[in-house]
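The structure appears right after this line, and notes come after that.
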DNA sequence: ACTATATTTCTAGAATTATCGAAATAATAG
DNA sequence: CTATTATTTCGATAATTCTAGAAATATAGT
């Protein structure tokens, strides 16, 4: 991922309503959630929410598809992953010793193979 | 990490000059770099750069300490790590299957032991 | 065609951010 | 104390963002 889209994504997430929206949509993967339900869930006027959703959409962090009268939004986890990778690379820059601890600190959150514990390490 | 400081950090990084500054400072860990040198390296007026450094500092992403006439800035990698963990948790939310691929995609960036390749996986 | 529902676009005001010249502050040297 | 260097603060302007009321668009039901 290049710098410009990464900045767009960071800016999109650097706003409390939008961060809440993204969290909500992640929680509702993979079904997604209609615009109106998002607005209701977060107690924000629909047109205001529409503007925020447009920002997230422009940043590529969410996708939208019309279903009947509703427009259902979904979090784009692949894009989110790309943004995270971009940031980690900023940290690494050919010097693994710098951010190996970073990797270790976030890895326990998602044990890739193991299923014994799965404590989700939510507060690291 | 809580939401508010995370948003502050995201906003700080969501600006090209500041993202460049952070990258530059990571590259210069652990010695740090003086404000004037940062400004010169990125071809930005010193007072403008000072404002950007203040934003990064308020966000906790950099620290400053005076050394003689210079003020030397350093990247705060622990804080950066905390922000990354915060974001990953947004993705995981007790559902490891969602972002296990994320973890896998950023892990090869920092092979903790290996020194052979270090290809940094920069374009994921 | 008309009505109701779901969402977006238009428009505008308030607030915040980015930029930078000029002046102020801090540290060192002579 | 004066001069020099390094950096920040002040002040002002341009640009962007956030918010939301009002109007417009799209879909579905009667």
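Residue numbers (this note's numbering), protein chains in the order written: chain A, -9 to 114; chain B, -9 to 114. We put the beta carbon where it would ideally sit given N, CA and C, even for glycine. Every value quoted in this text rests on a predicted model; they were computed, and no experiment measured them.
Asked                                                                                                                                                                                  : Found
Just checking: is the beta-carbon of residue 78 of chain A within a distance shorter than 9 Å of some beta-carbon in chain B?                                                          : yes
Counting along the chain, where does the alpha helix (DSSP H) carrying residue 85 of chain A start and finish?                                                                         : Per DSSP, residue 85 of chain A belongs to no alpha helix (DSSP H) and is neither H nor E.
With DSSP run on the structure shown, which of helix, strand or coil describes residue 64 of chain B?                                                                                  : strand
State the DSSP-derived secondary structure class of residue 52 of chain B, mapped to helix, strand or coil.                                                                            : strand
Quick one: any contact between the segment -6 to 4 of chain A and the segment 0 to 7 of chain B, if contact means 3 or more CB pairs under 8 Å?                                        : yes
Would you identify the three-state DSSP class for residue 4 of chain B, choosing helix, strand or coil?                                                                                : coil
Whose CA, out of B:8, B:13 and B:69, lies closest to the CA of residue 50 of chain B?                                                                                                  : B:69
The segment 8 to 33 of chain B: which residues have C-beta closer than 8 Å to a C-beta of chain A, in chain order?                                                                     : 9, 12, 13, 16, 17 and 19
Starting from residue 33 of chain B, trace the alpha helix (DSSP H) both ways and give me its first and last residue.                                                                  : Counting along the chain, residue 33 of chain B falls outside any alpha helix (DSSP H), and DSSP gives it neither H nor E.
Spell out a yes or no on whether the segment 59 to 75 of chain B and the segment 23 to 32 of chain B are touching, meaning 3 or more CB-CB pairs, one atom from each, closer than 8 Å. : yes
Output the distance between the C-alpha atoms of residue 43 of chain B and residue 17 of chain A, rounded to the nearest integer angstrom.                                             : 35 Å
In the DSSP output, which residue or residues are listed as bridge partners for residue 24 of chain B?                                                                                 : B:62
Rounded to whole angstroms, what's the CA-CA distance from residue 110 of chain B to residue 33 of chain A? Just pull it up for me.                                                    : Confidence is the limiting factor: at residue 110 of chain B the pLDDT is only 42, short of 50, which leaves the residue's position unreliable, though a coordinate-based value still follows. If you take the alpha carbons of residue 110 of chain B and residue 33 of chain A, they lie about 43 Å apart.
Bridge partners of residue 96 of chain B, per DSSP?                                                                                                                                    : In DSSP, residue 96 of chain B forms no bridge with anything.
Please classify residue -6 of chain A as buried or exposed, where buried requires at least 16 other C-beta atoms within 10 Å of its C-beta.                                            : exposed
Within its chain, find whatever has a CB closer than 8 Å to the CB of residue 10 of chain B; leave out the 5 residues flanking it on each side and keep chain order.                   : 32
I'd like to know whether the C-beta of residue 91 of chain A is nearer than 9 Å to at least one C-beta of chain B.                                                                     : yes
Taking a cut of 7 Å between CB atoms, which residues from the segment 45 to 74 of chain B lie near chain A?                                                                            : 67, 70, 71 and 74
Find the nearest neighbour of residue -4 of chain A within the set A:29, A:71 and A:35, judged by alpha-carbon distance.                                                               : A:71
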